[in-house]
DNA sequence: ATATACCCGACTAAAATAGTCAAGTTTACG
DNA sequence: CGTAAACTTGACTATTTTAGTCGGGTATAT
Ligand code: FES
Ligand code: FES
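Protein chains in written order, with our numbering: chain C, 38 to 172; chain A, 38 to 172.
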């Protein structure tokens, strides 16, 4: 099981922002340099974060991004869902009655993977952005 | 985060075997039919399981596979590692001192992903094959 | 004016995934 | 003995996902 780089970078970038507590906007260029993440990749990521109201943008010179909520209330699960990075270990469509094998009942492992999803999501639900900057 | 089909099928197939408690060998053909998994894919999977001593094989007519240990002691983590399906959410080489960004120190999110790995692995470590057949 | 910084859609090389194919070997059973 | 059932093994492939890049915008402080 891997984590994709978009999510990893998103958390990294937001943690970077949060560690500079002055509420001036932070430019992606700065994050890019400090964290060694491609600027153009960051732009892609922040578009998503913005659309999902995790950051807001200020355009023009001296512009950048600011967090819309405090790092102490921002959950990792919010960040992940903003990037469509959802945990899904089942092989079937969870919204359907059908199983991963195409049959009309769920397979013998379905409940296990369901439990696993819950287990992993709990981690993201309980972690706040703040938790990783007070290090 | 997804789970690959090899691991999912491996657990499914082993659970199938474990639910027939008579200790006669179970043929892949039977598992294939009961669980709707491609026979040839199962062969590939069981090669791995055999090499890692999770099952043993009996060749020839009336042959098949049998579990080498009891379902009550077989941990999911053993199955996963047999298939090289390891949890790894960090972006860096954990054995190296270097960070995911190529620098000489670990990045600001490294400890978080490390914690996540531990969290997920704990699930596989605590789950036994038996847990999913007494349903 | 102009440089800084966000905005956004399209594109792509490389890797991973989810299998299939083909050609064996071994052994129970009639 | 012959044969079918079942394991063994390596190679191959189509598709999808990943991890970005490219290129052309628009807004605004100075
Ligand atoms: S994983 Fe949902 S039915 Fe198999
Ligand atoms: S994830 Fe290990 S250094 Fe970034």
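Heads up, the beta-carbon is just placed ideally off N, CA and C, and yes, glycines get one too. Everything numeric in this text was worked out from a predicted model, so none of it was measured.
Interface partners of residue i on chain C, CB under 8 Å
i, result
"residue 144 of chain A", "49, 72"
Contact set between residue i and chain C, taken where Cβ atoms lie within less than 9 Å
i, result
"residue 149 of chain A", "48, 52, 113, 164, 168, 169"
Close Cβ partners of residue i (< 8 Å) along its chain, the five nearest in sequence each way excluded
i, result
"residue 115 of chain A", "89, 91"
"residue 79 of chain C", "46, 50, 65, 68, 69"
"residue 105 of chain C", "90, 91, 92, 93"
"residue 127 of chain C", "137, 147, 150, 151, 154"
"residue 95 of chain A", "62, 101, 102, 103"
"residue 58 of chain C", "none"
Opposing strand residues paired with residue i [DSSP bridges]
i, result
"residue 39 of chain A", "C:125"
"residue 165 of chain A", "A:112"
"residue 63 of chain A", "A:102"
Chain-ordered neighbours of residue i on chain A, where CB pairs are closer than 9 Å
i, result
"residue 66 of chain C", "Those do not exist, as residue 66 of chain C stays about 16 Å from chain A at its closest Cβ, beyond 9 Å."
"residue 157 of chain C", "38, 153, 156, 157, 160"
Beta-carbon proximity list for residue i, same chain, < 6 Å, skipping 5 on both sides
i, result
"residue 55 of chain A", "108, 166, 170"
"residue 164 of chain C", "113"
"residue 86 of chain A", "92, 119"
"residue 136 of chain A", "129, 142, 143, 144"
"residue 100 of chain C", "62"
"residue 39 of chain A", "none"
Nonlocal neighbours in the same chain, by C-beta distance under 7 Å from residue i, ignoring five residues either side
i, result
"residue 124 of chain A", "154, 157, 158"
"residue 41 of chain A", "122"
"residue 83 of chain A", "65, 92, 102"
"residue 48 of chain A", "113, 116"
Contact list for residue i against chain A, beta-carbon separation under 8 Å
i, result
"residue 126 of chain C", "38, 39, 40, 45"
Chain C residues whose Cβ lies nearer than 7 Å to that of residue i
i, result
"residue 138 of chain A", "72, 73"
Ligand 3 heavy atom lying under 7 Å from the CB of residue i
i, result
"residue 128 of chain C", "Annotation note on ligand 3: not contained in the displayed structure, which lists ligand 1 and ligand 2 as its ligands."
- Task: Go through the region 72 to 152 of chain A residue by residue and report every complete run of the beta strand (DSSP E) that reaches 3 residues or more, in order.
- Result: 92 to 95, 101 to 104
- Query: So does the region 69 to 81 of chain C actually touch the region 45 to 59 of chain C, counting three or more Cβ pairs closer than 8 Å?
  - Reply: yes
- Could you tell me whether the region 144 to 164 of chain C touches the region 149 to 156 of chain A, where touching means 3 or more Cβ pairs closer than 8 Å? yes
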